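Working notes, structure below.
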Amino acid sequence: MFCRLLLVLCCAVVLIAPNRGFAQSLPPYNASADIILVWNQVMLDMNVGDSRQLIPDQGGPTRTSRAFAIASVAMFDAWNSIHHKYSPYLVELSGYNAANTTAAVSAAAQDTLLSLYPQQAAKIRTAYANAMSSVAAGAPRTTGIDLGKKVALAILNDRRNDNSNLNLPYNVSTLPGYHRPDPLHPNQGFNTPHWGYVDPFVIANIHLHLSPPPPALNSFEYAVAYQALLNWGGAAGQYPTLRSPKDTITGIFWAYDGVPGLGTPPRLYNQVVRTIAIQRRNTTEQNARLFALVNLAMADAGIQCWYTKYYYELWRPIVGIRQGNNDTNIYTIGDPAWRPLGAPATNGAGDGVDFTPPFPAYSSGHSSFGTAAFNMTARFYGTAGIQFSFTSDEYNGVNRGSDGKIRPVVTRTYRNLEEAIMENAWSRIYLGIHWPFDAYDGIIAGKLIAGEIFSTALRPKPPVR
492 MFCRLLLVLC
502 CAVVLIAPNR
512 GFAQSLPPYN
522 ASADIILVWN
532 QVMLDMNVGD
542 SRQLIPDQGG
552 PTRTSRAFAI
562 ASVAMFDAWN
572 SIHHKYSPYL
582 VELSGYNAAN
592 TTAAVSAAAQ
602 DTLLSLYPQQ
612 AAKIRTAYAN
622 AMSSVAAGAP
632 RTTGIDLGKK
642 VALAILNDRR
652 NDNSNLNLPY
662 NVSTLPGYHR
672 PDPLHPNQGF
682 NTPHWGYVDP
692 FVIANIHLHL
702 SPPPPALNSF
712 EYAVAYQALL
722 NWGGAAGQYP
732 TLRSPKDTIT
742 GIFWAYDGVP
752 GLGTPPRLYN
762 QVVRTIAIQR
772 RNTTEQNARL
782 FALVNLAMAD
792 AGIQCWYTKY
802 YYELWRPIVG
812 IRQGNNDTNI
822 YTIGDPAWRP
832 LGAPATNGAG
842 DGVDFTPPFP
852 AYSSGHSSFG
862 TAAFNMTARF
872 YGTAGIQFSF
882 TSDEYNGVNR
892 GSDGKIRPVV
902 TRTYRNLEEA
912 IMENAWSRIY
922 LGIHWPFDAY
932 DGIIAGKLIA
942 GEIFSTALRP
952 KPPVR
């Protein structure tokens, strides 16, 4: 475990410099005036609405990350086809220099979101009408719409046969160490077992990024991780625990486990990046590139993570601890009745009982997605030393816990992005649904993917001389 943690710390390739903030005399930043932020919010709202559908259009974190990447790069390529500042994600159309940016971005966003979230078409069209209401009639509006539609069509066509609709069966093994459903929710199924074969957005060969094998079941490192779950991850009130009330809040704060009204982790990490973008008073140009990069990183991190998950098929703690007497490890003692604190069934999700997610443990999706997003943000700004405060929708004074009670408002302040990366990753151990090495190796993978994408995609063009 120490070696894996050391690798995590060594992967922090951006300096943590203090955030010096901004002058207090500056006028308020108007996020509603930035067309990228407007449509990014619509995109996040689609994820919330999707979480309430009986059959979601883009259910689960993997499909969400793909959808967010498609919409975000469409907005970026539409913006860039007018301003020509960066290498495109896919297309940079010529002849549109006089097009209206709001019209182009709005048309690209609307058409991609309509394709991705057809059950919410009315809301998307309303958002489009609202965004376009400020754009005067004339050639710039018309050409902007034409540009946005062409970009959206090109990107949707590019992803049409990307293997995201494969339907591969998953055969459950009862051998020690292998993933199987949460025994408290035996009919939960398996989330996108084929996702490791989806075409990556940027990374040339995602399978070369397969994480190293998790610790062997009979190893001392596995036994240490096992004990960590007993110490910090057990159900409330049932087991002696080292988990403090603050730790319990941490576990829930970062959850967003696909429950009604909250959606999936990619939405959470976009919310954090929005908070930083607004705090730093980003321009539309900066937001177009930042959110495209962040969502590309999460999309490819999701593909890498799910390839790793279903390659190794490692069992979750609830199964591993209940089967602890059958894992060939002399240092582990099984508990057939052990229960984790669990991913929170916020707003009565499912049967209202906290749960273990329906895919293998190693490596952690939260850790991979969150690290990819936050490390990309650090690379974009040139520093991880950005202090920010964030209020999670798990604790917004509106949403209810699995006990039916409304949770209070909780706002947390982070001194830098590395602190957020570590807390997000460790939150899953507090919930008892991941092993520590799941978190550590997810951090390593997320940073490697963010670094490769940042160095190759959407790069600034050399100045024209």
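In this text, residue positions in the sequence shown follow this note's numbering: the first is 492, and each later residue adds one.
Backbone N, C-alpha and C fix where the C-beta goes; we use that ideal spot for every residue, glycine too.
Every value quoted in this text rests on a predicted model; they were computed, and no experiment measured them.
### Message
If you reduce the DSSP assignment to three classes, tell me which class S735 lands in.
### Response
coil
### Within 8 Å, strictly: CB atoms of T755 and N915
no
### Query
Bridge partners of G725, per DSSP?
P831
### Task
For Y798, I'd like the list of residues in its chain whose CB is within less than 7 Å of its CB, leaving aside the five on either flank, ordered along the chain.
G687, I697, H698 and L701
### Message
DSSP three-state label for S585, please.
### Response
coil
### Message
For F928, list the residues DSSP reports as bridge partners.
### Response
According to DSSP, which records beta bridges pairwise, F928 is partnered with nothing at all.
### Three-state secondary structure assigned by DSSP to L805
strand
### Message
With the cut-off set at 8 Å, would you say I527 and N786 are in Cβ contact?
### Response
no
### Query
Is L605 near A612, with beta carbons less than 8 Å apart?
yes
### Pairwise C-alpha distance: D884 and A618
22 Å
### Message
Could you pull the DSSP bridge partners for N887 from this structure?
### Response
V900
### Task
Go to K641, then tell me how far its alpha helix (DSSP H) extends in each direction, as first and last residue.
A630 to D649
### Task
State the Cα-Cα distance for the pair A783 and P835, rounded to the nearest angstrom.
30 Å
### Query
Would D818 be called buried (16 or more neighbouring beta carbons within 10 Å of its own) or exposed?
buried
### Where the alpha helix (DSSP H) containing S556 begins and where it ends
G551 to H574
### Message
Do Y580 and V564 count as a contact pair if the criterion is CB distance below 8 Å?
### Response
yes
### Query
In terms of residues, what are the limits of the alpha helix (DSSP H) holding W857?
The displayed chain sequence assigns His, not Trp, to residue 857. It spans G856 to Y872 - the alpha helix (DSSP H) in which H857 sits, taken as one unbroken run.
### Query
Do the CB positions of V763 and A930 come within less than 8 Å of each other?
no
### Task
Would you mind stating whether I809 and T837 have Cβ atoms separated by less than 8 Å?
no
### Task
Within its chain, find whatever has a CB closer than 6 Å to the CB of N780; leave out the 5 residues flanking it on each side and keep chain order.
Correcting the residue type first, residue 780 is Arg in the shown sequence and not Asn. If we look at R780 and ignore the five residues flanking it on each side, its Cβ neighbours are L949.
### Message
Three or more C-beta pairs under 8 Å: does that hold for the region 584–598 against the region 615–634?
### Response
yes
### Query
P691 by DSSP, collapsed to three states: which one?
coil
### Query
Ends of the alpha helix (DSSP H) at P672?
Run containing P672: none; DSSP gives neither H nor E here.
### Query
When you compare only the Cα positions, how much space is there between M566 and L607?
15 Å
### Message
Within 8 Å, do at least three Cβ pairs link the region 818–834 to the region 934–952?
### Response
no
### Query
Nearest CA to the CA of I791: which residue from G668, N588 and A864?
Contrary to the premise, residue 791 reads as Asp rather than Ile in this sequence. Considering only alpha carbons, the answer is A864.
### Query
Would DSSP call V663 helix, strand or coil?
coil
### Query
Counting Cβ pairs closer than 8 Å, one from the region 549–556 and one from the region 642–654, do we hit at least three?
no
### Message
At the level of alpha carbons, what is the spacing between S585 and K640?
### Response
14 Å
### Task
Could you tell me which residues DSSP pairs with G754 in its beta bridges?
V750
### Message
If you reduce the DSSP assignment to three classes, tell me which class P609 lands in.
### Response
helix
### Task
Could you name the residues of the same chain whose beta carbon sits closer than 6 Å to that of D602, not counting the 5 residues immediately before and after it, in chain order?
K640 and A643
#### Entry: N- and C-terminal bounds of the alpha helix (DSSP H) containing V626
Careful: V626 lies outside any alpha helix (DSSP H) and carries neither H nor E.
### Query
Out of curiosity, what's the CA-to-CA distance linking I769 and N761?
12 Å
### Query
With burial defined as no fewer than 16 other Cβ atoms inside 10 Å of the residue's Cβ, what is the status of S572: buried or exposed?
buried
### Query
Closest to V955 by CA distance: which of M623, P677, H574 and Y520 is it?
H574
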